[in-house]
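Asks: In this note's numbering, the protein residues as written are 23 to 749.
One structure, pasted below without further comment.
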Amino acid sequence: MAIVFNEKDSTFTLHTKNTTYQMKVDQYGVLLHLYYGARTEGNMDYLLTYTDRGFSGNPHDAGQDRTYSLDVLPQEYPTFGTGDYRSPALIVKNHDGSFACDLRYYGHQITNGKYYLQGLPAVYAEAEEAQTLAIFLRDPVSGVQVRLMYGVLPEYDIITRTAIVKNKGSEPILLEKVLSASLDIVNGDFDLITFGGRYAMERIYNRDRMEQGSIVIGSRRGYSSHQFNPMMILAEHRTTENYGKCYAMSFVYSGAWKGKAERDHVELTRLQMGLHDENFSYPLAPEEAFVAPEVVMSCSTSGLARLSQNLHDCFRSHLCRGKYKESSRPILVNSWESCYFEFDGETIYKLAQDAADLGIDMVVMDDGWFGKRNSDRSSLGDWVVNEEKLGMPLGKLIERINALGVKFGIWIEPEGVSEDSDLYREHPDWAYVIPGRNPERSRSQLVLDFSRKEVVDTMFEKICAVLDQGNIEYVKWDCNRSIGNLYSHDTYSQSKVLFDYMLGVYDFMERLVQRYPNILFETCSGGGGRFDAGMLYYSPQIWTSDNTDAIDRLRIQYGTSFGYPVSCMGSHVSAVPNHQTGRITSMNTRGVVAMSGTFGYELNLSRLTAEEKEAVRRQIKTFRKYEKLIQQGRYYRLSNPYEDALVAWEFISKDQTEVLMSAVAQEVHGYMLIPYVKFRGLKRGTMYQDQTTGKMYPADALIDMGLPVIPSKEEYAATQMYLKIVE
Ligand code: GLA
C-alpha cells in the first residue's frame with residue numbers, strides 16, 4: 023500500500039519506492055507536515071518541537087499552552103489568518119471582508135488510481151500504478167472546505183498535489199491566493215535551484231543559498247515564461263549530481279505562476295508552488311468550487327541526477343500522451359530559419375525535395391502561409407490559406423510533398439491576433455484591450471480572449487478547416503507574446519480572466535488532440551517561453567529555444583534537462599554563421615547537440631555543400647541508431663557548462679547494456695589541460711566496449727577515474743562515444 027492511514031496516531035504516510043512522506047492530524051485537528059525523505063517506517067512526530075517562543079502566538083484552542091504555535095510548526099497547507107505569519111498557501115477573503123481561514127481536518131479518503139482534474143492537464147496512471155489520498159479540511163466559521171489531493175506513483179518516486187477549494191458558506195467569497203503545494207521542512211541548510219533566463223536564453227541554471235527570508239520566482243505574463251521556468255529544486259547545500267537530498271516541484275500549468283522558498287525565523291524551510299496571486303482574485307459563490315492546477319513533487323536522497331530522472335520517467339510515460347509519446351518521431355526540416363516569410367509553394371516543395379534526398383522525413387511550413395502574412399505585422403487570426411502566395415491550394419502542395427515520400431507539418435498561433443486582420447476588424451472586442459485605453463503591442467500583436475467560449479469555438483473551427491485540407495501530420499503551436507491589456511467584458515470574471523484564459527487554451531488543445539490523434543504536436547512560445555509540464559500533456563515535444571546556436575544550446579538544454587526529458591526538447595541543426603549569435607560551429611557539433619533532443623533541421627538545405635549533405639545523411643543514420651537510447655534511456659549530466667570547458671552528458675539504457683556519451687568543447691586554449699569525463703550509471707564489475715575502436719574499459723574505472731577526452735585543436739569540437747557492455 024502506497025498510502026497508509028494510522029488511526030492510532032492519526033498519521034498519513036505516503037510511500038514511494040525510495041521515499042516516504044508523512045503528515046499528522048494533531049489534537050486540534052490541524053494537519054501538520056512531518057517528514058519527506060528517504061523511505062522509512064515509523065512515526066516521525068518526534069520531529070515536532072514545542073517550546074514557548076516570543077511573538078509566535080497560540081490558537082485559542084491551546085488554552086494557556088504557550089508552547090503550541092502555528093507560527094513555528096510545519097504545516098501541510100498553511101492559511102492566512104491563523105497565527106502563522108509565514109507565507110500562506112491559501113488566502114480567502116470572507117464576505118465580511120476579513121481574511122481568516124482556519125482549516126481543520128474532518129475526513130479523508132484513499133482510493134486506487136490517480137485523481138484527474140477536469141479541464142486541466144495532470145499526471146495520469148492506471149488503478150494499479152497509483153493511489154490517491156484526499157484529505158478534507160474546513161474552516162468552521164466560514165464553511166470554506168479544502169480538499170487536499172495527493173497522487174502517489176510509487177515506482178516513479180513521484181507525489182502529485184493539488185487543492186480544491188469549495189465555498190460551503192451562504193455568502194460569496196474571494197480566493198486571493200490558492201497554491202497547489204506547500205512543503206515545510208523543519209531543518210536543513212538549503213540552496214534553491216531555479217531556471218531563469220530570457221528570450222533565446224531560457225532555463226539558465228541559478229543556485230542560491232537560502233538565508234532567512236525568501237526567494238520568489240514566477241511569471242505574471244499569463245504564460246509560464248522565458249524568464250523563469252515553473253520548476254524548482256530545493257537542495258541541501260552539499261547536494262551534487264550524485265550525492266545528497268533534494269526536492270523538486272514542477273507546475274503542471276502553462277499560465278501565470280509563482281514559486282517561493284522561505285526560510286523562517288526558526289530555520290524551517292517552506293517550499294511553495296501554484297498560481298500567481300497577483301492579477302488573481304477568484305470569486306466563489308456558495309457551492310462553487312475552485313480546482314487548482316497540479317504540482318508534481320519528487321525527492322531524491324542520492325543527488326540531482328536521480329531527481330531529474332524521476333521527473334523524466336514520470337513525464338515521458340504518465341504525462342505525455344498520444345501516438346508519439348514514446349515512439350520514434352519524424353526528423354523534420356522547418357522552414358523558419360530556412361526562408362522566414364519569404365516563400366511560396368515551390369520554395370516549400372523544394373525544401374521537401376532536398377529533405378527527400380537527404381533522408382529527412384518531414385517538412386514543416388512555418389509562419390507566413392495565411393491571410394496576407396508577409397511579416398509579423400499582420401494577419402494573425404485570419405487562418406485562411408494564402409493560395410495566391412503559395413501559388414497552389416494547400417491540399418495540392420501537401421499531395422506533391424507526400425508524393426516525394428515526405429510528410430508535411432504546419433505552424434499555427436491560434437491565441438494571437440493582429441490589429442491588421444479581418445478577424446480584429448470584425449471582432450475588436452475579442453482581443454484583450456481595455457476600453458478607453460490604447461493596448462500595449464508586442465511583436466505588433468494582441469491576444470485573443472480565450473476565456474470566452476465563442477472565441478475558442480470560432481478559432482477551433484478556423485484551425486480545423488485548415489488542418490482538414492490535406493494530410494497534415496505535425497502542428498507547431500506557437501504563442502508569441504505575454505498577455506497584457508487584460509480585460510473581461512463580463513465584470514464578474516474580471517479578476518479571474520487570466521486563469522480562465524488558460525482553461526480556454528487547454529480546452530482548445532484537448533479538442534485538437536482528440537480530433538487529430540495522428541498529428542504530432544509541438545508547442546512553442548517565441549522558442550521556449552511556454553516550456554512546462556502542462557504543455558507536455560498536449561504535445562510530447564516543445565520547441566526549446568529560438569536560439570539554435572549549438573554552444574548556447576549546451577546551457578539551455580542543460581538547464582532544461584533538470585526538469586524535462588530529452589524526448590521533449592525540440593532541437594535542430596541550423597545554418598552557420600548562426601542566425602542568433604553569428605557563431606560558426608561544425609556540422610558535427612551542431613548534430614551532436616541537436617541529437618540531445620527531438621532532432622531536426624532548420625536551414626536552407628539547398629545551400630549545403632555536397633560534403634555537408636553527406637554529413638547530414640550520416641547524422642540521420644547516427645540519430646536513428648541511437649534514437650531509442652536517447653529518447654528512453656537514462657540521462658546523466660556529466661559536467662557543468664558554467665564551470666567546465668568540456669560539456670559532457672550521457673544516455674544509458676535502463677538495462678545498463680548500452681551507453682552513448684557526448685561531449686562538446688566550449689573553449690580552446692594553448693596547452694589545454696585534459697578533462698576526464700566520469701561516466702555514471704554503468705554496471706559495476708563489468709567491462710564496456712567502445713563500438714568504434716573496439717577498446718575495452720572497466721566500468722569501475724570509467725565511473726571512478728573517468729575517460730580522458732583529448733582536446734582537439736578545432737574550435738567547439740564534439741565527440742560521441744558509443745559503448746556496449748561485455749558480460
Ligand atoms: C516564434 C517561434 C519561431 C517561429 C516564429 C514564426 O518566434 O519560436 O520558431 O515559428 O515564431 O513567427
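Glycine included, every Cβ here is placed at the ideal spot set by N, Cα and C.
Note that the coordinates shown come from a computational prediction; the quantities given were computed from them, not determined experimentally.
1) So Val168 and Tyr99 are supposed to be a Cβ contact under 8 Å. How far apart are they, rounded?
2) Report yes if the CB atom of Lys46 is closer than 8 Å to the CB atom of Leu112, and no otherwise.
3) When burial is assigned at 16 or more other CB atoms within 10 Å of the CB, is Asn209 buried or exposed?
4) Report the residue from Leu651, Lys705, Ala739, Glu193 whose alpha carbon sits nearest the alpha carbon of Ala723.
5) Which full runs of the beta strand (DSSP E) of 3+ residues lie inside the region 274 to 317, going along the chain?
6) Hey, is Gly619 close to the ligand GLA, as in C-beta under 7 Å from one of its heavy atoms?
7) Please state whether DSSP places Gly336 in a helix, a strand or coil.
8) Please report the Cβ distance between Arg656 and Gly703, rounded to the nearest whole angstrom; I am assuming they are in contact, meaning their Cβ atoms lie under 8 Å.
9) Contact between the region 460 to 476 and the region 509 to 529 is defined here as three or more beta-carbon pairs at a separation below 8 Å; is this criterion met?
10) Based on DSSP bridge pairs, tell me the residues matched to Glu680.
11) Output yes or no for whether 8 Å exceeds the beta carbon distance between Ile132 and Leu155.
12) Helix, strand or coil: how does DSSP classify His601 here?
13) How would you label Gln140, buried or exposed, when you count the other beta carbons within 10 angstroms and need 16 or more for buried?
14) State the DSSP-derived secondary structure class of Lys372, mapped to helix, strand or coil.
15) Could you check if Ala60 is buried or exposed, using at least 16 other CB atoms within 10 Å of its CB as the buried criterion?
16) Rounded to whole angstroms, what's the CA-CA distance from Trp405 to Asp442? Just pull it up for me.
17) Using 8 Å as the limit for Cβ to Cβ distance, is Asp74 near chain B?
18) Report the CB separation of Tyr580 from Pro663 in whole angstroms; it is logged as a contact under 8 Å.
19) Hey, quick one: how far does the alpha helix (DSSP H) through Thr480 stretch, first residue to last?
20) Just to check, is the beta-carbon of Trp499 closer than 7 Å to a non-hydrogen atom of the ligand GLA?
21) Residues in the same chain with beta-carbon distance under 7 Å from Lys115, minus the five sequence neighbours each way, listed in chain order, please.
22) Report the residue from Ile423, Gly390, Ala425, Asp398 whose alpha carbon sits nearest the alpha carbon of Glu409.
23) Where does Gln234 land, buried or exposed, given buried means 16+ other C-beta within 10 angstroms?
24) Under the criterion of a Cβ to heavy atom distance below 7 Å, does Trp433 qualify as lining the ligand GLA?
25) Taking a contact to mean a Cβ-Cβ separation below 8 Å, would you say Val355 touches Glu624 in this structure?
26) Can we say the region 603 to 620 touches the region 569 to 587, given the rule of at least three CB pairs closer than 8 Å?
27) Could you give the distance in angstroms between the alpha-carbon of Gln294 and the alpha-carbon of Ser204?
28) Do Val686 and Val669 count as a contact pair if the criterion is CB distance below 8 Å?
29) Return the CA-CA distance between Pro162 and Ile186, expressed in angstroms with no decimal places.
30) Just to confirm, does Gly716 get its C-beta within under 7 Å of one of the non-hydrogen atoms of the ligand GLA?
31) I need the DSSP call for Leu426, collapsed to helix, strand or coil.
32) Could you spell out where the beta strand (DSSP E) holding Thr133 opens and where it closes?
33) Measuring CB to CB, does Glu263 end up less than 8 Å from Ala327?
34) Residues in the same chain with beta-carbon distance under 6 Å from Thr89, minus the five sequence neighbours each way, listed in chain order, please.
35) With which residues is Phe321 paired in a DSSP beta bridge?
36) Measure the C-alpha to C-alpha separation of Gly561 and Leu92 and round it to an integer number of angstroms.
Replies: In short, the structure shows the following:
1) 7 Å between Cβ atoms; contact.
2) No, the pair does not count as a contact, with Cβ atoms beyond the cut-off.
3) It counts as exposed.
4) Relative to Ala723, the option among Leu651, Lys705, Ala739, Glu193 whose CA is nearest is Lys705.
5) Entirely contained in the region 274 to 317, the beta strand (DSSP E) runs reaching 3 residues are, in chain order, 279 to 285, 291 to 297, 304 to 306, 311 to 313.
6) Not one heavy atom of the ligand GLA sits closer than 7 Å to the Cβ of Gly619.
7) The residue you asked about is not Gly; residue 336 is Cys in the sequence shown. When secondary structure is reduced to three states using DSSP, Cys336 falls in the helix class.
8) The Cβ separation is near 6 Å, so the contact holds.
9) In short, these stretches touch, since the Cβ pair count reaches three.
10) Partner residues in the beta bridge of Glu680, as assigned by DSSP, are Lys746.
11) Yes; because the gap between Cβ atoms is below 8 Å, this pair is in contact.
12) Shown here, His601 sits in coil according to DSSP, grouped into three states, outside any helix or strand.
13) Here Gln140 is exposed, its C-beta having fewer than 16 other C-beta atoms within 10 Å.
14) If DSSP states are grouped into helix, strand and coil, Lys372 belongs with the helices.
15) Flag for Ala60 reads exposed.
16) Spanning the two alpha carbons is a distance of roughly 13 Å.
17) In the structure shown, chain B cannot be found, because there is only a single protein chain.
18) Under the criterion of beta carbons closer than 8 Å, Tyr580 and Pro663 qualify as touching, at roughly 5 Å.
19) In the DSSP assignment, Thr480 falls within the alpha helix (DSSP H) that extends over 475 to 489.
20) No; taking the cut-off as 7 Å, the Cβ of Trp499 has no heavy atom of the ligand GLA nearer than that.
21) These residues qualify, in order along the chain: Phe121, Ile195, Leu196, Glu198.
22) Out of Ile423, Gly390, Ala425, Asp398, Gly390 has the C-alpha closest to the C-alpha of Glu409.
23) So Gln234 ends up on the exposed side.
24) Short note on Trp433: C-beta closer than 7 Å to some heavy atom of the ligand GLA.
25) In contact: Val355 and Glu624 (Cβ atoms closer than 8 Å).
26) They touch, by the three-pair rule.
27) Answer to the nearest angstrom: the Cα atoms are 4 Å apart.
28) Yes. Within cutoff.
29) Those two C-alpha atoms are separated by around 17 Å.
30) No.
31) Coil.
32) Here the beta strand (DSSP E) through Thr133 covers 126 to 134.
33) A contact, by the Cβ cut-off of 8 Å.
34) These residues qualify, in order along the chain: Tyr72, Thr73, Asp74.
35) In the sequence as displayed, the identity of residue 321 is Cys instead of Phe. Paired residue(s): Tyr269.
36) Note that residue 561 is Ser in the sequence shown, not Gly. Taking the CA atoms as reference points, Ser561 sits about 42 Å from Leu92.
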